[in-house]
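Student: Pasting a structure below so you can have a look.
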Amino acid sequence: MMRRKRIATAALGSVAVVVLVAGCSSAVSTDAATSVPTDASSEASTSAVVSGQGFWDQSVVHSLSISYEQDDYDALIAAYIDTGEKEWIEATVVIDGATFENVGLKLKGNSSLKGLSTDADAELSSENPEDLPWIIDLDKFVDGQEYEGSVEFVIRGNSSETSLNEAVALDLLEASGLASEQAVATRVEVNGAEALRLVVENPDDSWVERALTGSTALYKAETGGDYSYRGDDPESYTDVFDQEAGEDDLTPLIDFLQFVNESDDATFEAELGQHLDVTSFATYLAFQELVDNFDDIDGPGNNSYLSYDASTGLMTVVSWDLNLAFGASPGGGGQGQGRGQGQAQGQAQGGGGGGRGGGSNVLSERFLANATFTALYQCELDRLTQELYMSGLAQNVLDSWTQTLEEGASDLVSSDVVSSEASSVAQYFSE
22 MMRRKRIATA ALGSVAVVVL VAGCSSAVST DAATSVPTDA SSEASTSAVV SGQGFWDQSV
82 VHSLSISYEQ DDYDALIAAY IDTGEKEWIE ATVVIDGATF ENVGLKLKGN SSLKGLSTDA
142 DAELSSENPE DLPWIIDLDK FVDGQEYEGS VEFVIRGNSS ETSLNEAVAL DLLEASGLAS
202 EQAVATRVEV NGAEALRLVV ENPDDSWVER ALTGSTALYK AETGGDYSYR GDDPESYTDV
262 FDQEAGEDDL TPLIDFLQFV NESDDATFEA ELGQHLDVTS FATYLAFQEL VDNFDDIDGP
322 GNNSYLSYDA STGLMTVVSW DLNLAFGASP GGGGQGQGRG QGQAQGQAQG GGGGGRGGGS
382 NVLSERFLAN ATFTALYQCE LDRLTQELYM SGLAQNVLDS WTQTLEEGAS DLVSSDVVSS
442 EASSVAQYFS E
């Protein structure tokens with residue numbers, strides 16, 4: 022079921038009535054509504070999102086093999102289980118037939134690594150490295166090593182056998198007008214064992230250049246951190262935020278967090294648009310609601326990036342980690358149970374912030390506690406429901422991914438599983 026219960030109905034008040042009649046463009050003042058997401062689905066009509074090229078061509082199942090020294094792998098696993106540290110090792114990686122030596126390989130993720138064990142019978146076992154979440158860095162040990170312009174590749178943690186939920190969600194994220202990572206279905210072989218996995222771009226400098234025009238810095242929220250203001254000492258934000266791109270400088274991040282945490286309610290409403298791309302954030306929240314992803318900015322994983330544009334002085338919240346979209350549960354299973362009984366499509370739920378994941382975030386909480394911003398969020402939810410679901414775009418995206426798996430991965434996952442998991446996602450489009 023939908024998990025968020027983002028806003029209380031009362032929070033909409035008279036503002037919502039005016040806005041929903043007048044249209045989303047009237048939801049907030051000109052100063053606050055800093056951008057309007059591209060109407061990508063109108064441009065695409067009901068066609069699927071255009072497939073990428075080369076390795077990022079979504080119309081085929083790709084291949085990626087990894088080999089390493091067993092002693093290095095054993096040490097990597099021991100370090101993580103004993104201390105939680107994720108250490109780099111060197112590996113040989115073959116991507117669609119192209120071989121790369123001395124490649125950096127490291128475990129990737131937090132909740133996706135929960136329960137990792139050396140026990141062969143464990144749900145997530147080091148005995149099955151083909152099932153583990155990884156990050157591959159081609160130039161970790163060899164400067165300038167890249168493949169078709171890409172340097173870092175993430176082998177996502179599966180929440181289902183097909184990963185259709187995350188694949189579809191990423192394409193719909195792009196169609197919503199927000200920055201998204203390219204993703205491809207991939208036959209991953211690790212030391213001789215194969216599995217079907219979703220490989221995704223890692224948000225790094227090359228991704229920022231492609232996907233975030235104007236961005237001068239990218240900050241990743243760490244799982245153990247939050248959006249609290251901890252003073253002006255950059256050292257206080259160690260293990261809270263990690264800068265992923267741009268010149269090392271936490272000043273824009275610290276200034277933003279100070280405003281979000283210390284401004285009074287009137288100032289927050291009046292001046293948020295001077296610090297944050299407000300419309301983009303409303304779209305972000307609405308999108309996460311629409312695809313039923315509880316592990317986002319206010320979920321347990323604190324999953325988000327902040328992109329800073331020095332020319333405008335604005336932060337933009339960037340989505341990351343959609344492997345629990347469409348009702349998927351950590352560790353697999355429970356996907357696509359649909360919305361709560363009686364909840365109409367595109368309808369905001371009653372109740373407070375937070376939700377099933379038990380996480381919290383001061384930015385989203387303050388944003389949705391404000392009637393004006395809540396109305397903008399509701400407008401974006403209505404818009405995305407129409408443009409992504411009612412238009413037929415989402416179903417076409419799902420059909421394209423399903424066809425790719427049926428044609429290229431039938432030996433790794435059965436057609437019955439593909440059909441079942443596709444149906445679990447598809448039910449969201451018509452409820």
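Just so we're on the same page, this note's numbering is the position in the sequence shown counted from 1, plus 21. For each residue, glycine too, the CB sits at the ideal point set by N, CA and C.
(1) Can you tell which of Gln166, Tyr449, Lys107, Glu106 has the C-alpha that lies nearest to the C-alpha of Gln407?
(2) Taking only three categories from DSSP, how would you classify Arg251?
(3) Can you tell me whether DSSP reads Leu126 as helix, strand or coil?
(4) Taking the beta carbon of Asn212 as the centre, do at least 16 other beta carbons fall within 10 Å, making it buried, or is it exposed?
(5) If I'm right that Ile176 touches Arg218 with Cβ under 8 Å, what's the distance once you round it to whole angstroms?
(6) Would you grab the beta carbon distance between Gln264 and Tyr248 for me? Rounded to a whole angstrom, and I think it's under 8 Å.
(7) Return the residue from the list Lys107, Phe302, His83, Leu343 that minimises the CA-CA distance to Glu401.
(8) Measure the alpha-carbon distance for Trp109 versus Ile102 and round it to whole angstroms.
(9) Beta strand (DSSP E) containing Gln264: first to last residue?
(10) Measuring alpha carbon to alpha carbon, tell me which residue in Glu182, Asn391, Val299 is nearest Asp453.
(11) Which residues does DSSP list as the beta-bridge partners of Tyr329?
(12) Report buried or exposed for Lys161, applying the criterion of at least 16 other Cβ atoms within 10 angstroms of its Cβ.
(13) Helix, strand or coil: how does DSSP classify Ile102 here?
(14) Once you ignore the five residues that flank Glu243 on each side, which residues in its own chain have a CB closer than 8 Å to its CB?
(15) Going by DSSP in three states, Arg177 sits in which element: helix, strand or coil?
(16) Under 8 Å: do the segment 278 to 296 and the segment 203 to 212 share three or more Cβ pairs, one atom per stretch?
(17) Here's the rule: buried if 16 or more other CB atoms are within 10 angstroms of the residue's CB, otherwise exposed. What is Asp92?
(18) Starting from the Cα of Gly457, find the closest Cα among Gly170, Glu144, Asn314 and give me that residue.
(19) Would you identify the three-state DSSP class for Ala65, choosing helix, strand or coil?
(20) Taking Tyr94 as the reference, which of Val81, Leu128, Phe121 has the closest Cα?
(21) Please go through the same chain and pick out, in chain order, the residues whose beta-carbon is closer than 6 Å to the beta-carbon of Gln364, but skip the five residues on each side of it.
(22) With a threshold of 16 other CB atoms inside 10 Å of the CB of Gln424, please say whether the residue is buried or exposed.
(23) Could you check if Gly245 is buried or exposed, using at least 16 other CB atoms within 10 Å of its CB as the buried criterion?
(24) Taking the C-alpha atoms as reference points, what is the distance between Gly82 and Phe280?
(25) Would you identify the three-state DSSP class for Phe394, choosing helix, strand or coil?
(26) With three or more C-beta pairs closer than 8 Å as the rule, is the segment 187 to 195 touching the segment 320 to 338?
(27) In chain order, what residues of the same chain lie with their CB nearer than 6 Å to the CB of Phe277, ignoring the 5 residues before and after it?
(28) In whole angstroms, give me the CA-to-CA distance for Thr113 and Asp403.
(29) Are there any heavy atoms of the ligand PLP lying less than 6 Å away from the beta-carbon of Gly170, as far as the coordinates show?
(30) Quick check on Gly105: buried or exposed, where buried means 16 or more other Cβ atoms within 10 Å of its Cβ?
(31) Skipping 5 residues on each side, what residues in its chain have a beta carbon closer than 6 Å to that of Ala204?
(32) First and last residue of the alpha helix (DSSP H) that includes Ile275?
(33) Give me the DSSP bridge partner(s) of Leu297.
(34) Tell me which same chain residues have a C-beta within less than 7 Å of the C-beta of Phe388, skipping the five on either side of it?
(35) Please give me, in chain order, every unbroken run of the beta strand (DSSP E) with length at least 3 that falls completely inside the segment 202 to 237.
(36) Starting from the N-terminal side, write out each stretch of the beta strand (DSSP E) that is 3 residues or longer and does not extend beyond the segment 403 to 433.
Tutor: In brief:
(1) Taking only the C-alpha atoms, the option nearest Gln407 is Tyr449.
(2) Collapsing the DSSP output to three states places Arg251 in coil.
(3) Note: Leu126 maps to strand in three-state DSSP.
(4) By the neighbour-count rule (16 or more Cβ atoms within 10 Å), Asn212 is not buried but exposed.
(5) That belief holds up - the Cβ atoms of Ile176 and Arg218 are roughly 5 Å apart, short of 8 Å.
(6) Incorrect: roughly 16 Å between the Cβ atoms, too far for contact.
(7) Measuring from the Cα of Glu401, the nearest candidate turns out to be Phe302.
(8) Looking at the two C-alpha atoms, the distance is approximately 15 Å.
(9) Taken as a continuous stretch (DSSP letters only), the beta strand (DSSP E) holding Gln264 covers 262 to 267.
(10) This structure leaves residue 453 out entirely; the chain is present only between 22 and 452.
(11) Tyr329 pairs with Ala238, Met336.
(12) Buried, since its Cβ has 16 or more Cβ neighbours within 10 Å.
(13) The answer is helix: DSSP assigns Ile102 an H, G or I state.
(14) Residues of the same chain with a CB within less than 8 Å of the CB of Glu243, apart from the 5 flanking positions on each side, are Asp260, Val261, Phe262, Asp263, Asn323 in chain order.
(15) The answer is coil: DSSP assigns Arg177 none of H, G, I, E or B.
(16) Touching, no.
(17) Asp92 comes out exposed.
(18) The structure shown has nothing for residue 457, since the chain only spans 22 to 452.
(19) With a pLDDT of 45 at Ala65, under the threshold of 50, the modelled position of this residue cannot be trusted; read the value that follows with caution. The answer is helix: DSSP assigns Ala65 an H, G or I state.
(20) Out of Val81, Leu128, Phe121, Leu128 has the C-alpha closest to the C-alpha of Tyr94.
(21) With a pLDDT of only 42 at Gln364, under 50, the local geometry of the prediction cannot be trusted, and no value is derived from it.
(22) Exposed is the call here.
(23) Only exposed fits Gly245, as fewer than 16 other CB atoms lie within 10 angstroms of its CB.
(24) Looking at the sequence shown, residue 82 is not Gly but Val. Near 46 Å, if we compare the C-alpha coordinates of Phe280 and Val82.
(25) Residue state, collapsed to three classes: helix.
(26) Too few Cβ pairs lie closer than 8 Å, so no.
(27) The beta carbon of Phe277 is closer than 6 Å to those of His296, Met336 in its chain, skipping five residues each way along the sequence.
(28) Within the model, the alpha-carbon separation for Thr113 versus Asp403 is close to 47 Å.
(29) As for the ligand PLP, it is missing from this structure, which has no ligand bound.
(30) Its Cβ having fewer than 16 others within 10 Å, Gly105 is exposed.
(31) Cβ within range, chain order: Ala188, Leu191, Leu219, Val221.
(32) Residues 272 to 283.
(33) Beta-bridge pairing links Leu297 to Met336.
(34) Here the set comprises Phe302, Phe394.
(35) Listed in chain order, the beta strand (DSSP E) runs fully inside the segment 202 to 237 are 204 to 211, 214 to 222, counting runs of at least 3 residues.
(36) Listed in chain order, there is nothing to give.
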